[in-house]
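Just below is one structure, and these are the notes that go with it.
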Amino acid sequence: MPPTRYDRVAQALHWLTALLIFAILPIAWHMIMLARDNPQRETWYTVHKSIGITILALAVLRLVWRGLHPPPPLPDTMSKIEDGAAVLSHWLLYVVLLAMPISGYLLSAAGGHPVSYFGLFEIPNLVPQSPTLSRAGATVHILGQWAVYALIVLHLAATAWHIVVRRDALLDRMLPEQTHSS
186 MPPTRYDRVA
196 QALHWLTALL
206 IFAILPIAWH
216 MIMLARDNPQ
226 RETWYTVHKS
236 IGITILALAV
246 LRLVWRGLHP
256 PPPLPDTMSK
266 IEDGAAVLSH
276 WLLYVVLLAM
286 PISGYLLSAA
296 GGHPVSYFGL
306 FEIPNLVPQS
316 PTLSRAGATV
326 HILGQWAVYA
336 LIVLHLAATA
346 WHIVVRRDAL
356 LDRMLPEQTH
366 SS
């Protein structure tokens, strides 16, 4: 019988990614509200970029892990349409998890701004300085934030629907198995 849960590594990667997404969003809102001459502005941008790089690394790791350890099958109680919607929304989340950090990197690096990882080291600049490329990165990054919001709301709403309406324990797939001692 195939497993009904994701393995512990997939669960840990999922929850760590979720935690970082919920950290990066208020940081982004805070940093863009700071005046350009605010001495804390650069620090917040560095933290934002660093979390974004971490999310990118986790997304790549998650995709590799998923390729080596396929997810458990969806419950039989779900219709073909629900299955398709679940698969599509998950792949769109992966696209966003990759596109947002990459577009942020292009925005910064092509704009001539160094990308430091928590001040520990600088990420190599792999693109030429180019206002056009920087603007393209900015456009994708700005539009991508709306995709992030929409996909997070969709993901949370679907989870709530499965918990409250369907009561099919779908969330258990992403939670560690509970052991009961006798």
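Numbering (this note's numbering), first residue to last: 186 to 367. Glycine included, every Cβ here is placed at the ideal spot set by N, Cα and C.
Which listed residue (the options) has its alpha carbon closest to that of residue i
i: residue 307; options: 232, 201, 217; result: 232
i: residue 276; options: 301, 299, 298, 244; result: 244
i: residue 293; options: 201, 282, 315; result: 315
i: residue 324; options: 211, 288, 270; result: 288
i: residue 216; options: 250, 304, 230; result: 230
i: residue 341; options: 331, 352, 356; result: 356
i: residue 227; options: 190, 200, 191, 301; result: 301
i: residue 193; options: 349, 328, 256, 320; result: 256
i: residue 344; options: 274, 362, 213; result: 274
i: residue 191; options: 252, 213, 352; result: 252
i: residue 347; options: 326, 268, 214; result: 268
Sequence-distant residues of its chain with Cβ nearer than 7 Å to residue i (five each side left out)
i: residue 258; result: 187
i: residue 332; result: 281
i: residue 189; result: 257, 358
i: residue 299; result: 307
Other residues of its chain near residue i: CB distance less than 6 Å, five sequence neighbours each side excluded
i: residue 278; result: 336
i: residue 354; result: none
Close beta carbons around residue i, own chain, < 8 Å, minus the five adjacent residues each side
i: residue 202; result: 240, 243, 244, 247, 282
i: residue 318; result: 291, 295, 312
Expected contact under 8 Å - CB spacing of residue i and residue j to nearest Å
i: residue 285; j: residue 237; result: 7 Å
i: residue 360; j: residue 225; result: That belief does not hold up - the Cβ atoms of residue 360 and residue 225 are roughly 37 Å apart, past 8 Å.
i: residue 198; j: residue 250; result: 6 Å
i: residue 262; j: residue 351; result: 7 Å
Where in the stretch 304–355 do unbroken runs of the beta strand (DSSP E), each at least 3 residues long, occur, reported from the N-terminal end onward?
Counting whole runs of 3 or more residues, the stretch 304–355 contains the beta strand (DSSP E) stretches 306–308.
Which runs of the alpha helix (DSSP H), 4 residues or longer, sit entirely within the stretch 202–263?
As far as the stretch 202–263 is concerned, its whole alpha helix (DSSP H) runs of at least 4 residues are 226–253.
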